[in-house]
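The sequence shown: position 233 = 233 (UniProt numbering), numbered continuously.
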Amino acid sequence: MDYKSGLIQDGNPMENLEKQLICPICLEMFTKPVVILPCQHNLCRKCANDIFQAANPYWTNRGGSMSTSGGRFRCPSCRHEVIMDRHGVYGLQRNLLVENIIDIYKQECSSRPLQKGSHPMCKEHEDEKINIYCLTCEVPTCSMCKVFGAHKACEVAPLQNVFQGQKTELSNCISMLVAGNDRVQTIITQLEDSCRVTKENSHQVKETLSQKFDVLYAILDEKKSELLQRITQEQEEKLSFIEALIQQYQEQLEKSTKLVETAIQSLDEPGGATFLLSAKPLIKRSVGCSGKTEPGFENMDYFTLDLEYIADTLRAIDFGTDEEEEELIEEDQEEEESTEGKEEGKKFISLHPFLPSSLHSTTTGDTYHV
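See the structure below:
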């Protein structure tokens, strides 16, 4: 058929197929049902019925009374005359093939995306395609706008030339963006590595600091136990001495009580000779037993801790360099030398200031008074 060759020659088969499916009466796509004439031309049955009714005004339709004869109908395409039977247009055969082609065409058009950018049309001249580029206004336009329209005084260039230039420029921009994205990704990777290393270093420093403080706690606990043990030892020595004195005085009291009873009995002796024989020994025994502790024996004030420097140093603990630590150590040694020998005769236990990296402790004046 002729429409097949037209479809093959045309660059857009779908567009040419749509032209083949146009009704010659309404100039629209066939509306089902589609009837085929003896001359092989197709019509919408509604359009064919309208023409048939106009050409045969006295022929009754299907809703009226029955007609005993048909009518005449001329094909609008080839003017071939067709004689109808009593059913009129409704007696024509339907073209199911064309109806199926219409259904397939509509499905294909609905499934394909609209290609709005394939042939953009000018807004000012709706029948003109955009085919040139205005270099002055930097917008695509049509030839009519250049000849008669708003771009009459502007400089224009072929659309293809500008298209290739801007396409190359956009490609360069894309390359620059890709390269920039690579650099940004590299920076992100470096920052992520820096974040990870920072966490690892912080964890390591925390562990080291915790270990140093654990050592410090252990030294303080050890020193605390040592000092408590020395106080306990001194307490036991004094209590042992006092308890011995108590035992001695209890024995003395018991003997003295018995001596009082014996002396009272001697006073009741009527004979002078007998009294004199027992009186002298009793007098000597009454003054022969005595004992006491020194004043302040129970005092424990010489177990004194001077923690003022320790508290100040603990509050001043901070992170510093080795040079700062050496300066602090020198200052502490000078203060230690200036305070030696000021509190003789008493027991002072002083722990010298320490730094986070070292610990120093000395004792002075280990003297006990009992």
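Built from N, CA and C at the ideal position, the CB exists for glycine as well.
For this session: Measure the Cβ-Cβ separation of ILE25 and GLN93 and say whether it is below 8 Å.
Result: Going by C-beta atoms, ILE25 is not nearer than 8 Å to GLN93.
For this session: Report the three-state DSSP secondary structure of ASN16 (helix, strand or coil).
Result: Reduced to three states, the DSSP call for ASN16 is helix.
Problem set entry | Whole-angstrom distance between GLU108 and residue 371, CA atom to CA atom | Outside the shown range of the chain, which is 1 to 370, sits residue 371, and nothing can be said about it.
Exercise. Helix or strand or just coil, what does DSSP make of GLU81?
Worked result: The answer is strand: DSSP assigns GLU81 an E or B state.
Problem set entry | Delimiting residues of the beta strand (DSSP E) encompassing ALA150 | Judged by DSSP secondary structure, ALA150 falls outside any beta strand (DSSP E); it is assigned neither H nor E.
Exercise. Under a Cβ-count criterion, where at least 16 other Cβ atoms within 10 Å of its own Cβ denotes burial, should MET14 be classed as buried or exposed?
Worked result: The residue is exposed, with fewer than 16 neighbouring Cβ atoms inside 10 Å.
Exercise. Distance, Cα to Cα, GLU18 vs THR189?
Worked result: Computed Cα separation, rounded: 57 Å.
For this session: Give every residue of the same chain whose Cβ lies closer than 7 Å to the Cβ of PRO38, excluding the five residues on either side of it in the sequence, and list them in chain order.
Result: Excluding residues within five positions, the ones whose Cβ falls inside 7 Å are VAL82.
Exercise. At which residues does the beta strand (DSSP E) containing ARG183 begin and terminate?
Worked result: Note, ARG183: premise wrong, no beta strand (DSSP E); alpha helix (DSSP H) at 159–267.
For this session: Let me know if PHE52 comes out buried or exposed under the rule of 16 or more other beta-carbons within 10 Å of its beta-carbon.
Result: Counting Cβ neighbours within 10 Å, PHE52 comes out buried, since at least 16 surround it.
Exercise. Under the three-state reduction of DSSP, which class applies to PHE303: helix, strand or coil?
Worked result: Of the three classes helix, strand and coil, the one that applies to PHE303 here is coil, per DSSP.
Exercise. Between LYS146 and VAL156, what straight-line distance do the alpha-carbon atoms span, to the nearest angstrom?
Worked result: Each residue's Cα considered, the two are about 8 Å apart.
Problem set entry | Own chain, CB closer than 7 Å to CYS47, minus 5 neighbours either side, in chain order | So the qualifying residues of the chain are CYS23, ILE25, CYS26.
For this session: Locate the beta strand (DSSP E) running through GLU309, then write down its first and last residues.
Result: With the sequence shown as reference, residue 309 is identified as Tyr, and Glu is not the correct amino acid for it. Where TYR309 is concerned, there is no enclosing beta strand (DSSP E), although the alpha helix (DSSP H) around it starts and stops at 308–315.
For this session: Measure the alpha-carbon distance for SER110 versus MET29 and round it to whole angstroms.
Result: So the alpha carbons of these two residues sit roughly 15 Å apart.
Exercise. Which whole-angstrom value is the C-beta distance of ILE132 and MET121, which I expect to be below 8 Å?
Worked result: In this structure ILE132 does not touch MET121 by the C-beta definition: roughly 14 Å separates them, more than the 8 Å allowed.
Problem set entry | Cα-Cα separation between TYR309 and GLU226, rounded to whole angstroms | One C-alpha to the other measures close to 20 Å.
For this session: With DSSP as the reference, label PHE30 as helix, strand or coil.
Result: Three-state DSSP puts PHE30 in coil, outside helix and strand.
Exercise. Around the Cβ of GLY320, are there at least 16 other Cβ atoms within 10 angstroms (buried) or fewer (exposed)?
Worked result: By the neighbour-count rule (16 or more Cβ atoms within 10 Å), GLY320 is not buried but exposed.
Exercise. Between the region 219–234 and the region 296–303, do three or more beta carbon pairs fall short of 8 Å?
Worked result: Under the 8 Å Cβ criterion, the region 219–234 counts as touching the region 296–303, having at least three qualifying pairs.
For this session: Within the same chain, show all residues whose beta-carbon is closer than 8 Å to that of SER77, passing over the 5 residues directly before and after it, in chain order.
Result: Closer than 8 Å at the Cβ level, and outside the excluded window around SER77, lie PRO24, CYS39, HIS41.
Problem set entry | Continuous beta strand (DSSP E) stretch holding ASN56: start and end | If you look at ASN56, you'll find it isn't in any beta strand (DSSP E); DSSP assigns it neither H nor E.
For this session: Look at the alpha carbon of PHE163 and the alpha carbon of LEU170, and state the distance between them as a whole number of angstroms.
Result: If I take the Cα positions, the gap works out to 10 Å.
For this session: Closer than 6 Å by C-beta to residue 375: which residues in its own chain qualify, once you throw out the five before and the five after it? Chain order, please.
Result: No information on residue 375 is available, as it lies outside the stretch 1 to 370 that the chain covers here.
Problem set entry | Strand pairing of GLN93, partner residues [DSSP] | Per DSSP, ILE36.
Problem set entry | CB contact check: PRO13 to chain C, cutoff 8 Å | Absent from the structure: chain C. Only one protein chain is present.
For this session: Could you check what DSSP says for ARG45 in three-state terms: helix, strand or coil?
Result: Helix.
For this session: With DSSP collapsed to three states, give me the class of LYS123.
Result: LYS123 carries a coil assignment under DSSP once its states are collapsed to helix, strand and coil.
Exercise. Nearest to ILE104 by CA position, among LYS206, LEU21, ASP268, is which residue?
Worked result: Selected option, being the one with the closest Cα: LEU21.
Exercise. Do you know whose CA, among VAL260, GLU138, LEU314, lies nearest LEU220's CA?
Worked result: Proximity to LEU220 across VAL260, GLU138, LEU314 peaks at LEU314, based on C-alpha coordinates.
For this session: Quick one: residues in its chain with C-beta nearer than 6 Å to the C-beta of HIS125, no 5 flanking neighbours on either side, listed in chain order?
Result: If we look at HIS125 and ignore the five residues flanking it on each side, its Cβ neighbours are CYS142, MET144.
For this session: Provide the residue span of the beta strand (DSSP E) that contains THR141, from first to last.
Result: Membership of THR141 in the beta strand (DSSP E) is indicated by the continuous run 139–141.
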